[in-house]
Structure formats: structure tokens, C-alpha cells
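Novice:
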Amino acid sequence: DSGVTQTPKHLITATGQRVTLRCSPRSGDLSVYWYQQSLDQGLQFLIQYYNGEERAKGNILERFSAQQFPDLHSELNLSSLELGDSALYFCASSVDVGGINEKLFFGSGTQLSVL
Amino acid sequence: DAKTTQPNSMESNEEEPVHLPCNHSTISGTDYIHWYRQLPSQGPEYVIHGLTSNVNNRMASLAIAEDRKSSTLILHRATLRDAAVYYCIYSGNTGKLIFGQGTTLQVKP
Chain A
45 DSGVTQTPKH LITATGQRVT LRCSPRSGDL SVYWYQQSLD QGLQFLIQYY
95 NGEERAKGNI LERFSAQQFP DLHSELNLSS LELGDSALYF CASSVDVGGI
145 NEKLFFGSGT QLSVL
Chain B
101 DAKTTQPNSM ESNEEEPVHL PCNHSTISGT DYIHWYRQLP SQGPEYVIHG
151 LTSNVNNRMA SLAIAEDRKS STLILHRATL RDAAVYYCIY SGNTGKLIFG
201 QGTTLQVKP
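Protein sequence lines, in the order shown, are assigned to chains A and B.
Counting the first sequence from 1 gives a position; the working numbering is that position plus 44.
Counting the second sequence from 1 gives a position; the working numbering is that position plus 100.
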């Protein structure tokens, strides 16, 4: 158990809908990262938050947004869903700002299926 | 993005050592080399990381070439539970870990 909690584990929805994925980092970790894993694209970095502020951005679509709350949990919002958004979404956390010497701890993921 | 090159797949026999290679020819002098693995139906899991000298922990050893352009993850005695995708990564100037396709390790009993 990594200590990172993601809910829900599975989500099935329809095209055009909006969903929210939730992540609770390990106790004491200030950074939260979101990754998307699909069969054809592998593990893609989406976005990082550090202590409530956006820290780094990757290949995140404009239809997707995220935020980190004062209690440090994070939510990833996906809107106007398309079939191609079906993927595993992972959250990870780290102690600090995410320097090159830091370890990431990953949750078990949310499997999103868009029908 | 920081680029590493790994073989797509490798096979090993149970209880034998496994050497997983990685090339990272564009790595800078301050980038750490990280290894993560992803077991089936799980999130990636930290294995080991290092900068210049070889590193050991309870899971594995990391051997880093003197010019730092390549490294090798060593599993001393592979078990069936070590079957996973192994990712070799470094952050580059982005400061964030970018995962490649990794090496799928099969362990045969």
C-alpha cells in the first residue's frame, strides 16, 4: 500500500459527460501528480500541484482541469468526454516540490470507461 | 522530454539474476536516474534511483556507467512476483518524471 488513495476505482460514463476523479496523497506529502495511461500512449504526465499551486503541466487537454485543496487532496475534472479519454488515471504524491531526487508514490488508479 | 532507451521485453528464469539495461545519452550531470516498475493492474512503484555511484536497496541494485550515459537495474534473484514493466527515467530540465514504454520482464518458473 503506497498510502495514496484514489476514488473511485472504476467509472463508466457516456460521451459528452463530465466526471471528477479524487486523490488523497500520502500523509505529509505536498505534491500531487496526475498521469494518464492508455494502451497506445503509455503513461503520460498530465499535471502537478504543489501545496495548492500548479507546479508543472504536461500533455493535459483543455477539457481537463485539476486543483489541489487546502487539505492537499486533489481532484481531476474531465469534461466533454470522448471515447479516447478511456484510460487508467493515476495520482502520485511526493514529499516536496518534486525535485530530481524525489520519489513518487502512486495510487492504484481510476479506470475510466467512456461509452 | 528526457529520453531513455530500453529493450521492449526481456525474459528471465526464476531465481536467476536479471540485468535490465537503459541508455540515457542526453542526461545532464545533475539528473538522477530513477527506476520504477508496474505490476499488472497496479500503479507504478518506486524501485531505486541514483546519481553517479552504484546504489543498492532491498529490492535491487543500480549500476551506473562512469560516463552516466547508461545504467543497469539488477534484480539479484528474480521471482515470479518480479514480472512487471520496468521504467528507466530521468527528469531532464523539466523537473518532472516522464515515463517511456519500459521493458516488460517475464519470469519463467
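Every residue gets a Cβ at the ideal spot worked out from N, C-alpha and C, and that includes glycine.
What are the boundary residues of the beta strand (DSSP E) that G86 (chain A) is part of?
Specialist: G86 (chain A) -> beta strand (DSSP E) spans G86 to Y94.
Novice: By the three-class DSSP mapping on this structure, what secondary structure does R137 (chain B) have?
Specialist: In the structure shown, R137 (chain B) sits in a strand (DSSP, three-state: E or B).
Novice: Please name the residue, chosen from A:S123, A:S124, A:E146 and A:L65, that lies closest to S75 (chain A) on a Cα-to-Cα basis.
Specialist: The option with the nearest alpha carbon to S75 (chain A) is A:E146.
Novice: What number of angstroms, rounded off, separates the C-alpha of R99 (chain A) from the C-alpha of D182 (chain B)?
Specialist: Cα to Cα, R99 (chain A) sits roughly 33 Å from D182 (chain B).
Novice: Quick one: is N95 (chain A) near chain B, going by C-beta distance under 9 Å?
Specialist: Answer no: the Cβ-Cβ gap between N95 (chain A) and chain B never drops below 9 Å.
Novice: What residues in its chain sit with their C-beta under 6 Å from that of L120 (chain B), if we drop five residues either side in the sequence?
Specialist: So the qualifying residues of the chain are L173, Y186 and T203.
Novice: What does DSSP give as the partner residue(s) for R66 (chain A) in the beta ladder?
Specialist: Note: R66 (chain A) sits in a beta bridge opposite A:T51 and A:E119.
Novice: Pull out every residue of the region 119–146 of chain A whose Cβ sits closer than 8 Å to any Cβ of chain B, in chain order.
Specialist: Hits within the stretch, in order: F134, A136, G142, G143, I144 and N145.
Novice: So that I know if they touch, is there some Cβ in chain B lying closer than 9 Å to that of S157 (chain A)?
Specialist: Chain B, which has no Cβ nearer than 9 Å to the Cβ of S157 (chain A), makes this no.
Novice: Taking the continuous beta strand (DSSP E) assigned at G150 (chain B), which residues delimit it?
Specialist: Counting along the chain, the beta strand (DSSP E) containing G150 (chain B) begins and ends at E145 to G150.
Novice: Does the beta carbon of S171 (chain B) come closer than 9 Å to any beta carbon on chain A?
Specialist: Not one chain A Cβ lies under 9 Å of S171 (chain B).
Novice: Pick out whichever of B:T152, B:S170, B:R177 and B:L151 has its Cα sitting closest to the Cα of A160 (chain B).
Specialist: Looking at the Cα atoms, B:R177 is the closest of the given residues.
Novice: Chain A beta carbons: is any one of them nearer than 9 Å to that of H124 (chain B)?
Specialist: No - not a single Cβ of chain A is within 9 Å of the one on H124 (chain B).
Novice: With the cut-off set at 9 Å, would you say V147 (chain B) and Y136 (chain B) are in Cβ contact?
Specialist: Yes, Cβ-Cβ distance for V147 (chain B) and Y136 (chain B) is below 9 Å.
Novice: Along chain B, in chain order, which residues have C-beta atoms closer than 9 Å to that of S152 (chain A)?
Specialist: Near S152 (chain A) (Cβ distances below 9 Å), the residues of chain B are S141, Q142 and G143.
Novice: Name the residue from A:I104, A:I56 and A:L83 whose alpha carbon lies nearest to the alpha carbon of I91 (chain A).
Specialist: Here the closest residue by C-alpha is A:I104.
Novice: Residues of chain B with CB under 7 Å from G72 (chain A), in chain order?
Specialist: Here the premise fails: no neighbours, minimum Cβ distance about 16 Å.
Novice: Residues bridged to M110 (chain B) by DSSP?
Specialist: Beta-bridge pairing links M110 (chain B) to B:L205.
Novice: Looking at the C-beta of S149 (chain A), does it have a partner C-beta in chain B at a distance below 9 Å?
Specialist: Strictly speaking, residue 149 (chain A) in this sequence is Phe, with Ser absent from that position. F149 (chain A) counts as touching chain B.
Novice: In terms of residues, what are the limits of the beta strand (DSSP E) holding D99 (chain A)?
Specialist: Note on identity: in this sequence residue 99 (chain A) is Arg, with Asp being the wrong assignment. Here the beta strand (DSSP E) through R99 (chain A) covers E97 to K101.
Novice: Within the chosen definition, does the region 108–128 of chain B reach the region 75–84 of chain A through at least 3 CB pairs nearer than 8 Å?
Specialist: Short answer: they don't touch.
Novice: Hey, quick one: how far does the beta strand (DSSP E) through Q112 (chain A) stretch, first residue to last?
Specialist: Note, Q112 (chain A): beta strand (DSSP E), F108 to Q112.
Novice: Looking at the secondary structure, which residues open and close the beta strand (DSSP E) in which N123 (chain B) lies?
Specialist: From DSSP, the beta strand (DSSP E) with N123 (chain B) extends over V118 to N123.
Novice: Among B:S170, B:L175 and B:T179, which residue has its Cα nearest to the Cα of T104 (chain B)?
Specialist: Selected option, being the one with the closest Cα: B:S170.
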